[in-house]
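Asks: Here you go, one structure.
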Amino acid sequence: MKKITAAAFALVSAAALSCAAFAPSVSAADSIDVYVTINAPTGNRVIPAQTKVTVTDYDNDGKLTITDALKITHENYCIDGAAGFETAEGQYGPMVTKFWGIENGGMYGYYVDGKMAWSPVDELTDGAYLDAYAYSDTQTWTDIYCFFDKRNIEAKQGDKVTLNLSRVSFDADGNAVNVPLANTLVVVDKNLVAIVDGEEKYLVTDDEGNVEVEFTKAGENTIMVSSPDPSAPKVFTASSIANVEEVPGYEAPTAAPTEPATEPVTEAATTEPAAVTTAAATNVSTAAPATTVKPATTVKPATTAAPASAGATNSPKTGDDSGILFAVLGSAAVAAAFTLRKHED
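Mapping of the sequence shown onto this note's numbering: residues 53 to 397, in sequence order.
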């Protein structure tokens, strides 16, 4: 752990000095468009996924940064306005101290294009995707940030697209790595089940984090991860958005009707129904769980419960340590965060 901390601190310090020396300046007229997704500690969206935000140099520091984007987003959408977001100078540089009106000791996460941000003063480029949230679990940091490999999809009714779901974690040397998120329930346009081969089934990622989605509804479809079990770790998803073109004459698949019994039933069955396998929790540092769900496992939604959990559980040592990073550090906080607590970016 000391080795990781020392190496990370040296890297962050060098990066901070480099940025300070060569950061370009922008004029008041300069602006870029970024696509912002913000989740509340409950895991619920507080603004539509990928909300387009025009970013200007809000704090007049000569750069277009994460701070500028989040300050403008708060000003336009947060009930507290711009006052709902604050930063302060920490021991290692700027750090977020309030997010969406929530002050939780610096436990906030923010990612740019699916990668952990080093600091709230990191610069943004036009067209970037910025995902941010306040941690729900500020004690053991089990919150999970995940994202799909495709942010935007153009499709037609009936098209099938394979998506890959990943989460950010850290290897033994403290390097941020993307890890497949297996056995996780995927929801399309708020539907917990889909019609697959004439049956209602859950869409669950396989061991490699892949899931096949068939688009049946024309218009905009939002693809995200669901965690129906309130006791499960909160999952913060960088959703994908599919724009589905209507196909004249297309008929969405329907579940096959149940065949009626040919013989009258004279005695109630006494055998207990088979339990529905749920999306099992996984841990990137361990082997696959003993009980897993294969993709598109058949279920009967009317009589069985939805998967109890989605995604993976983790600990400060083996899970998504990015949460600790910016919780305690700030601009150059990444490295030292490994010795502190989990703040997801």
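For each residue, glycine too, the CB sits at the ideal point set by N, CA and C.
1. Under the three-state reduction of DSSP, which class applies to lysine 269: helix, strand or coil?
2. For a test of the three-state rule: what should DSSP assign to aspartate 120, helix, strand or coil?
3. In this structure, does DSSP put glutamate 155 in helix, strand or coil?
4. Please determine, among Pro300, Met147, Val88 and Asp259, the residue with the shortest C-alpha to C-alpha distance to tyrosine 129.
5. In angstroms with no decimal places, state the Cα-to-Cα distance between glycine 161 and proline 300.
6. May I have a chain-ordered list of the alpha helix (DSSP H) segments no shorter than 4 residues that lie completely inside the stretch 132–216?
7. Using DSSP with H/G/I as helix, E/B as strand and the rest coil, what is tyrosine 87?
8. Going straight from the alpha carbon of alanine 246 to that of phenylalanine 267, what length do you get?
9. Measure the alpha-carbon distance for cysteine 198 versus asparagine 235 and round it to whole angstroms.
10. Can you tell me the Cα-Cα spacing of aspartate 85 and aspartate 178, whole angstroms?
11. Would you tell me roughly how many angstroms separate the C-alpha atoms of serine 218 and valine 263, rounded to the nearest one?
12. Checking 8 Å against the spacing of the C-beta atoms, do leucine 116 and valine 107 come in under that value?
13. Let's test the definition: count the other Cβ atoms within 10 Å of the Cβ of aspartate 258 and tell me whether it reaches 16, buried, or not, exposed.
14. By the three-class DSSP mapping on this structure, what secondary structure does threonine 103 have?
15. Based on the DSSP secondary-structure assignment, which residues constitute the bridge partners of alanine 228?
16. I need the straight-line Cα distance from aspartate 201 to glutamate 260, nearest angstrom please.
17. At the level of alpha carbons, what is the spacing between isoleucine 90 and valine 240?
18. Quick one: using the 10 Å Cβ neighbour count with 16 as the cut-off for buried, is isoleucine 410 buried or exposed?
19. Between lysine 212 and valine 265, which are expected to be in contact by the criterion C-beta below 8 Å, what is the C-beta distance as a whole number of angstroms?
20. Indicate the three-state DSSP secondary structure (helix, strand or coil) for asparagine 128 in the structure shown.
21. Measuring CA to CA, which of Asn273, Thr194 and Asn216 is closest to proline 285?
22. Identify the continuous beta strand (DSSP E) that holds asparagine 295 and give its terminal residues.
23. Identify which residue in Ala270, Asp113, Glu206 and Tyr254 has its Cα closest to the Cα of alanine 304.
24. On the CB-based measure, 16 or more other CB atoms within 10 Å of its CB, does tyrosine 302 come out buried or exposed?
25. Let me make sure I understand the geometry here. Which of Ile275, Met159 and Gly226 has the alpha-carbon closest to that of asparagine 243?
26. From the DSSP secondary-structure annotation, give me the bridge partner or partners of asparagine 243.
27. Given this structure, state the Cα-to-Cα distance separating leucine 122 from glycine 250, to the nearest angstrom.
Replies: Taking the structure as given:
1. In this structure, DSSP gives lysine 269 a state outside helix and strand, which the three-state scheme calls coil.
2. In the displayed model, aspartate 120 falls within a helix according to three-state DSSP.
3. Secondary structure of glutamate 155 (DSSP, three-state): coil.
4. Val88 is the residue among Pro300, Met147, Val88 and Asp259 whose C-alpha sits nearest the C-alpha of tyrosine 129.
5. Roughly 43 Å between the two C-alpha positions.
6. The alpha helix (DSSP H) runs of length 4 or more contained entirely in the stretch 132–216 do not exist; there are none.
7. The answer is strand: DSSP assigns tyrosine 87 an E or B state.
8. It is roughly 10 Å from the alpha-carbon of alanine 246 to the alpha-carbon of phenylalanine 267.
9. For cysteine 198 and asparagine 235, the distance between alpha carbons rounds to 13 Å.
10. Distance between the alpha carbons of aspartate 85 and aspartate 178 is about 5 Å.
11. If I take the Cα positions, the gap works out to 12 Å.
12. Yes, these two residues count as a Cβ contact at 8 Å.
13. Under this definition aspartate 258 is a buried residue.
14. The answer is strand: DSSP assigns threonine 103 an E or B state.
15. Per DSSP, the beta-bridge partners of alanine 228 are Phe222.
16. Their backbone Cα atoms lie some 12 Å apart in a straight line.
17. For isoleucine 90 and valine 240, the distance between alpha carbons rounds to 19 Å.
18. Residue 410 is absent from the model: the chain starts at 53 and stops at 397.
19. Yes, lysine 212 and valine 265 are in contact; Cβ-Cβ is about 7 Å, under 8 Å.
20. When DSSP states are grouped into helix, strand and coil, asparagine 128 belongs to the helix group.
21. For the residues Asn273, Thr194 and Asn216, the minimum Cα distance to proline 285 belongs to Thr194.
22. Unbroken beta strand (DSSP E) run through asparagine 295: 292–297.
23. Answer by Cα proximity: Ala270.
24. Result: exposed.
25. Relative to asparagine 243, the option among Ile275, Met159 and Gly226 whose CA is nearest is Ile275.
26. Per DSSP, Val240.
27. Cα atoms of leucine 122 and glycine 250: separation of roughly 45 Å, rounded to the nearest angstrom.
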